[in-house]
Amino acid sequence: MSAAVSALSAVPVLSVLSALPALPLQFADALFEFLAPSTLGEVIVRGLAEASLYVMIAAGLTLVFGLMGVLNFAHGSLTMLGAYLGGLVLVITVAQSTGGVGRLLAFGAAVVVAFGGLAALGGALEVGLVRPIYDRPPLYQILLTFGVTLVLDELARIVVLFYGLQPTTVWQDVLGTKPAFLADSIGVAGVSASGLELFHVLFGVATVVGVHLFLTRTRYGLFVRAGSEDSEMLSALGVDVNRVFTVVFALGTGIAGAAGVLLAWDPAWGASVPLGAETLLPAFVVVIVGGLGTFRGTVVAALIVGLVDSTMTWWFQNVVSFTGLPEMVVFLVLVITLIVKPQGLYGVSEVGGH
Amino acid sequence: MSADADADAGADAGADGAPLLAVDGIQTYYGDSHVLEGVDLEVREGEVVALMGRNGVGKTTTLRSVLQLTPPREGSIRYRGEELVGRETHEVADRGVGWIPEDRRMFAQLTVEENVRVAVPNADDTAAALELAFETFPDLEERREANAGDLSGGQQQMLAIARGLVGDNDLLLVDEPSEGLAPLVVEAVAEALTAAAADTSMLLVEQNLPLALDVADRFYVLDHGTVVDEGDTDDVSADAERLRRYLSA
Amino acid sequence: MNSGLSAEFTALLPRIETLVVVLFFALFAMSFDFISGYTGYLSFGHAAFYGTGAYLVALAANDKLPLLGPETPFMLLLVLAGVAAAALALAIGSVSFRLSGVYFAMITLGFSQVLYVFVRDWDFVSTAPRDGVAVTEKLEGFQIGVPGVDALNVAIGQLTGDSVEGLLGFITLSPTEVSFYAIGAVVLVCYLAMQRLVHSPFGRTLIAIRENEERARAIGYNTYAYKLRAFVASGFFAGVAGALFVGFRRSVTPENGFYFLVAGDALLVSIIGGFGTLAGPLYGELFDAGVREFLSKEGGGGGLLPYLRANVGDATLATDIYNGLTVAEATDTFLNGHAALYVGLLFVLFVLYVPNGLLGTARDRMGGTLSKAVPRRLRRWFDG
Numbered sequence: 001m002s003a004a005v006s007a008l009s010a011v012p013v014l015s016v017l018s019a020l021p022a023l024p025l026q027f028a029d030a031l032f033e034f035l036a037p038s039t040l041g042e043v044i045v046r047g048l049a050e051a052s053l054y055v056m057i058a059a060g061l062t063l064v065f066g067l068m069g070v071l072n073f074a075h076g077s078l079t080m081l082g083a084y085l086g087g088l089v090l091v092i093t094v095a096q097s098t099g100g101v102g103r104l105l106a107f108g109a110a111v112v113v114a115f116g117g118l119a120a121l122g123g124a125l126e127v128g129l130v131r132p133i134y135d136r137p138p139l140y141q142i143l144l145t146f147g148v149t150l151v152l153d154e155l156a157r158i159v160v161l162f163y164g165l166q167p168t169t170v171w172q173d174v175l176g177t178k179p180a181f182l183a184d185s186i187g188v189a190g191v192s193a194s195g196l197e198l199f200h201v202l203f204g205v206a207t208v209v210g211v212h213l214f215l216t217r218t219r220y221g222l223f224v225r226a227g228s229e230d231s232e233m234l235s236a237l238g239v240d241v242n243r244v245f246t247v248v249f250a251l252g253t254g255i256a257g258a259a260g261v262l263l264a265w266d267p268a269w270g271a272s273v274p275l276g277a278e279t280l281l282p283a284f285v286v287v288i289v290g291g292l293g294t295f296r297g298t299v300v301a302a303l304i305v306g307l308v309d310s311t312m313t314w315w316f317q318n319v320v321s322f323t324g325l326p327e328m329v330v331f332l333v334l335v336i337t338l339i340v341k342p343q344g345l346y347g348v349s350e351v352g353g354h
Numbered sequence: 001m002s003a004d005a006d007a008d009a010g011a012d013a014g015a016d017g018a019p020l021l022a023v024d025g026i027q028t029y030y031g032d033s034h035v036l037e038g039v040d041l042e043v044r045e046g047e048v049v050a051l052m053g054r055n056g057v058g059k060t061t062t063l064r065s066v067l068q069l070t071p072p073r074e075g076s077i078r079y080r081g082e083e084l085v086g087r088e089t090h091e092v093a094d095r096g097v098g099w100i101p102e103d104r105r106m107f108a109q110l111t112v113e114e115n116v117r118v119a120v121p122n123a124d125d126t127a128a129a130l131e132l133a134f135e136t137f138p139d140l141e142e143r144r145e146a147n148a149g150d151l152s153g154g155q156q157q158m159l160a161i162a163r164g165l166v167g168d169n170d171l172l173l174v175d176e177p178s179e180g181l182a183p184l185v186v187e188a189v190a191e192a193l194t195a196a197a198a199d200t201s202m203l204l205v206e207q208n209l210p211l212a213l214d215v216a217d218r219f220y221v222l223d224h225g226t227v228v229d230e231g232d233t234d235d236v237s238a239d240a241e242r243l244r245r246y247l248s249a
Numbered sequence: 001m002n003s004g005l006s007a008e009f010t011a012l013l014p015r016i017e018t019l020v021v022v023l024f025f026a027l028f029a030m031s032f033d034f035i036s037g038y039t040g041y042l043s044f045g046h047a048a049f050y051g052t053g054a055y056l057v058a059l060a061a062n063d064k065l066p067l068l069g070p071e072t073p074f075m076l077l078l079v080l081a082g083v084a085a086a087a088l089a090l091a092i093g094s095v096s097f098r099l100s101g102v103y104f105a106m107i108t109l110g111f112s113q114v115l116y117v118f119v120r121d122w123d124f125v126s127t128a129p130r131d132g133v134a135v136t137e138k139l140e141g142f143q144i145g146v147p148g149v150d151a152l153n154v155a156i157g158q159l160t161g162d163s164v165e166g167l168l169g170f171i172t173l174s175p176t177e178v179s180f181y182a183i184g185a186v187v188l189v190c191y192l193a194m195q196r197l198v199h200s201p202f203g204r205t206l207i208a209i210r211e212n213e214e215r216a217r218a219i220g221y222n223t224y225a226y227k228l229r230a231f232v233a234s235g236f237f238a239g240v241a242g243a244l245f246v247g248f249r250r251s252v253t254p255e256n257g258f259y260f261l262v263a264g265d266a267l268l269v270s271i272i273g274g275f276g277t278l279a280g281p282l283y284g285e286l287f288d289a290g291v292r293e294f295l296s297k298e299g300g301g302g303g304l305l306p307y308l309r310a311n312v313g314d315a316t317l318a319t320d321i322y323n324g325l326t327v328a329e330a331t332d333t334f335l336n337g338h339a340a341l342y343v344g345l346l347f348v349l350f351v352l353y354v355p356n357g358l359l360g361t362a363r364d365r366m367g368g369t370l371s372k373a374v375p376r377r378l379r380r381w382f383d384g
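If you read the protein sequences in the order shown, they are chains D, Y and S. Here our numbering is used: the first residue of the first sequence is 1, the next is one more, and so on. Here our numbering is used: the first residue of the second sequence is 1, the next is one more, and so on. Here our numbering is used: the first residue of the third sequence is 1, the next is one more, and so on.
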């Protein structure tokens with residue numbers, strides 16, 4: 001028995017030892033390959049596509065935290081509802097014979113429906129549940145939204161089961177509504193990227209530009225930025241801060257819904273109930289790394305996390321045989337950022353008036 | 001002049017001889033601590049009223065109570081005869097009550113221009129409001145695109161007053177405008193306030209006694225959450241001892 | 001139990017297996033409450049400590065750890081699991097307590113997720129790390145009792161536990177019941193230890209930190225050191241709870257050990273039971289487990305489903321409520337297996353309207369801890 005035991009425990013040690021001398025050489029080879037223009041280009045394109053997804057799932061969260069100081073734990077579940085709602089629109093409107101353009105139009109309709117539906121739900125949540133507890137310690141807002149997540153996830157599970165789908169597996173029918181050309185690879189200057197990746201980048205850029213214009217060019221955006229600094233002063237200037245809160249909460253959840261639709265077309269994510277928790281954690285990472293409540297920080301952090309993710313994915317696929325590498329490194333980015341720069345990249349010491 | 005103004009006010013408010021602002025027996029708390037124990041005061045149309053007293057006697061709280069930022073638990077606050085207690089802060093502001101708070105409360109990451117824009121009640125009036133603000137304070141126009149947080153203390157105070165001016169207000173609640181400013185800047189602030197007082201009534205909290213007596217028509221002295229003295233500033237300018245015992249520590 | 005209401009009791013009362021789970025999970029929730037309820041710092045990554053304790057026992061029993069093996073006494077493993085988790089808490093806490101508020105919650109969450117992903121994908125722990133570890137190298141049950149004295153030890157586990165027959169002539173216990181009492185004894189000892197800490201000057205300082213940290217610091221307390229010590233103690237008991245979990249269940253997965261929602265469950269039962277009451281999480285967990293089992297899908301033993309099947313006529317169950325939806329289908333769709341919905345709704349209501357939880361509110365009403373207030377009330381009642 002004891003011999004067997006020592007043999008067993010010796011195996012990993014031995015394999016590590018034998019791997020050691022080979023490691024630097026192998027590493028240098030891999031680094032060389034990684035830095036080749038075509039590889040690097042692909043990794044960057046994939047990183048930008050990931051960053052676009054991250055910015056989509058985090059933008060609403062950061063807007064809400066910046067203005068109200070509420071870290072919305074239900075944000076991931078709202079993304080998940082958006083994926084189902086948008087998926088429903090896609091499944092209903094897209095037929096086998098629908099062409100590529102028709103499918104894109106259907107996608108546009110799905111985004112509009114998911115944005116509108118989730119914005120309405122978000123507005124109702126803010127007025128009914130979040131508003132009564134603004135003056136309590138921040139802990140209670142975390143608790144409340146966490147509770148909302150439990151309820152929303154379970155409701156989604158009930159409805160999904162009722163219609164004969166499996167809540168924990170991806171809704172395949174939605175993936176089937178994707179136009180064929182998004183699955184194709186497009187080669188530009190030796191770098192090949194999938195159509196879906198470029199679609200993500202397009203969508204992410206549009207969202208960033210849209211939110212940026214809203215914040216800087218509209219009167220409401222001015223209120224949002226002023227309220228993020230000092231909501232009490234804003235109310236004393238005659239602005240109905242409660243209404244601004246509701247609008248921003250609705251906008252934030254609307255963006256989460258739109259993000260859900262985008263994810264529903266991505267085979268790596270897809271519409272399923274666990275999508276809520278799966279998107280919530282990266283969204284937290286992005287928002288915290290950027291500095292809670294700063295939109296610019298969120299965009300930069302999404303780029304960092306997206307590129308780190310795609311880089312690590314390449315290393316895992318080619319060199320390091322540890323499946324969890326990309327995900328683990330993403331959380332390490334969070335931990336290291338908080339150690340080195342506790343307020344995040346662009347954070348200010350006091351955020352939110354509460 | 002004062003009789004005329006009163007007559008005008010009466011006609012405006014529809015309630016004969018009613019003051020612009022009437023604070024009546026307000027009791028205000030911060031959590032469990034009882035800060036205002038029955039404050040009564042009035043501001044009539046066109047008047048500048050100074051609210052004086054040592055630190056921590058409830059001057060700022062009185063202003064916050066009027067704005068419903070810290071609503072009183074008892075008592076009434078009437079503006080043009082209408083009860084403000086129970087209203088939202090923005091509704092009070094909409095009725096023409098402006099606040100120039102202690103520490104200025106700039107939106108530090110917004111530009112000077114944006115700080116003014118936020119204060120304009122109706123977006124259509126923005127151009128006129130910006131013109132008014134920059135005409136009154138040419139210094140600010142030069143720094144129009146700067147972040148408000150990068151302004152000097154004096155410039156920030158000017159910007160705070162400018163926000164009060166463009167807000168279409170009939171009553172300004174001004175809190176310690178001279179605090180932390182160099183003497184030369186204080187003079188400029190006093191000038192700006194005097195100019196502003198030509199168009200609006202004012203309730204002014206000020207520790208700087210000469211400044212307060214210079215700008216104000218009447219005064220109230222607060223101590224331990226109640227009014228302990230009141231009168232015309234002209235009467236006490238000659239008799240400074242009357243106030244000094246309430247104001248020095 | 002063959003009274004007129006026995007069917008109702010069977011449906012409502014949780015099974016003994018559930019109650020064992022309630023015990024060790026309540027200990028985990030108490031350890032969470034000990035740090036978060038008493039200092040106000042939300043330890044959202046608390047699952048890391050629970051998972052550490054659980055994995056330590058499972059790996060030791062599978063002979064994967066140096067110096068430890070299947071023969072290592074469980075009582076020693078319990079302590080080692082606590083120590084390992086406490087060491088981890090020291091490492092995580094010494095970094096994390098430089099932050100506060102939301103940032104503290106997030107950095108602890110970040111640490112625990114790093115560990116979760118690591119354990120989930122590390123093929124050292126087992127051949128299929130995603131499915132977790134099952135105790136395979138040790139066939140007999142883990143023993144709780146006085147170390148070194150065979151007669152004073154009992155084995156725990158549903159299949160591997162000891163049963164007791166005719167002790168003192170009349171006590172007969174199934175293996176699960178033996179596990180219940182043995183694990184209950186460990187949980188009780190841990191609870192009493194934490195309770196002593198809470199009622200000591202140390203505990204009062206923690207509360208002072210929760211109420212106003214700046215003031216506590218101004219008085220001269222090194223609040224960082226106090227928080228860190230509390231975190232380490234909390235980590236220790238969370239590790240013990242994890243060890244008990246594997247001791248009884250004999251397996252652990254990344255999802256029920258390290259995943260952040262495990263801490264979420266602790267948070268849930270702490271709030272329902274009463275945040276900052278220490279004993280409250282036990283009641284919260286009892287309540288949560290009770291509701292979940294009552295509405296469980298299998299309806300094995302008790303629960304709503306078998307009760308309805310046995311006591312409500314088929315005609316009623318087949319009654320059409322709406323558009324072809326029968327009563328049976330409706331319960332199946334909206335109730336069975338969906339306890340999370342009702343617990344979640346209740347949780348939201350608690351946060352909004354009963355922020356002190358079950359025990360906290362009861363204490364507020366009675367004016368003191370129940371052990372003191374109830375006798376006082378009774379005395380007054382009898383005297384009056």
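Beta carbons are placed, not taken as given, at the ideal position from N, Cα and C, and that holds for glycine.
Here the C-alpha atom of GLY180/Y lies approximately 22 Å from the C-alpha atom of ALA146/Y. Near chain D, meaning a CB-to-CB distance below 8 Å, the residues of the segment 113-129 of chain S are GLN113, VAL114, VAL117, PHE118, ARG120, ASP121, TRP122 and PHE124. By the Cβ neighbour-count rule, GLU211/S is exposed, with fewer than 16 other Cβ atoms within 10 Å of its own. When DSSP states are grouped into helix, strand and coil, LEU151/Y belongs to the coil group. Runs of the alpha helix (DSSP H) spanning 4 or more residues and lying entirely within the segment 63-105 of chain Y occur at 89-94, in chain order. Separation of ARG98/S and TYR224/S (C-alpha to C-alpha, rounded to the nearest whole angstrom) is 8 Å. Annotated three-state conformation of ASN153/S is strand, per DSSP. Contact check between the segment 354-361 of chain S and the segment 272-282 of chain S: three or more CB pairs, one atom from each, fall below 8 Å, which counts as touching. Here LYS59/Y has LEU51, MET52, GLY53, ASP175, VAL205 and LEU222 as same chain residues with Cβ atoms under 8 Å from its own Cβ, once five neighbours each way along the sequence are excluded. Excluding residues up to 5 positions away in sequence, THR126, ALA129 and VAL166 lie with their Cβ nearer than 7 Å to the Cβ of VAL120/Y in the same chain. Partner residues in the beta bridge of GLU37/Y, as assigned by DSSP, are GLN27/Y. PRO72/Y is outside the set of residues whose beta carbon lies under 8 Å from a beta carbon in chain D. When DSSP states are grouped into helix, strand and coil, ALA22/Y belongs to the strand group. The Cβ atoms of VAL125/S and VAL117/S do not sit closer than 8 Å to each other. Under the 8 Å Cβ criterion, the segment 241-259 of chain D counts as touching the segment 213-232 of chain D, having at least three qualifying pairs. Taking C-beta atoms under 8 Å as the contact rule, LEU78/D and ALA256/D qualify, at a distance of about 4 Å. In terms of beta-carbon proximity, PRO274/D stays away from the interface with chain S, with every pair separated by 8 Å or more. Under a criterion of Cβ atoms nearer than 8 Å, the residues of chain D adjacent to PRO101/Y are, in order, MET233 and ALA236. The DSSP-derived three-state label of ALA134/S is strand. Under the rule that a run must span 4 or more residues, the alpha helix (DSSP H) segments found entirely inside the segment 179-262 of chain S read 201-211, 213-219, 223-249 and 254-257. In terms of Cα proximity to MET68/D, the closest of VAL299/D, VAL224/D and VAL211/D is VAL224/D. Assigned with DSSP and collapsed to three states, ALA193/D falls in strand. The bridge partners DSSP lists for MET52/Y are VAL221/Y.
Shown in chain order are the members of the segment 119-132 of chain Y whose Cβ falls below 7 Å from a Cβ of chain D: ALA119, PRO121 and ALA123.
In the displayed model, GLY231/Y falls within a strand according to three-state DSSP.
Under DSSP, GLU42/Y takes part in a beta bridge, and its partners are ALA22/Y. Cβ-Cβ distances below 6 Å link VAL83/S to nothing in the same chain once the five nearest sequence neighbours on each side are left out. GLU327/D and GLU37/Y have their alpha carbons spaced roughly 59 Å apart. Interface annotation, HIS90/Y: in contact with chain D, CB-CB separation under 8 Å.
For THR323/D, the closest C-alpha among the options ARG130/S, LEU68/S, PRO66/S and ASN62/S is that of ARG130/S.
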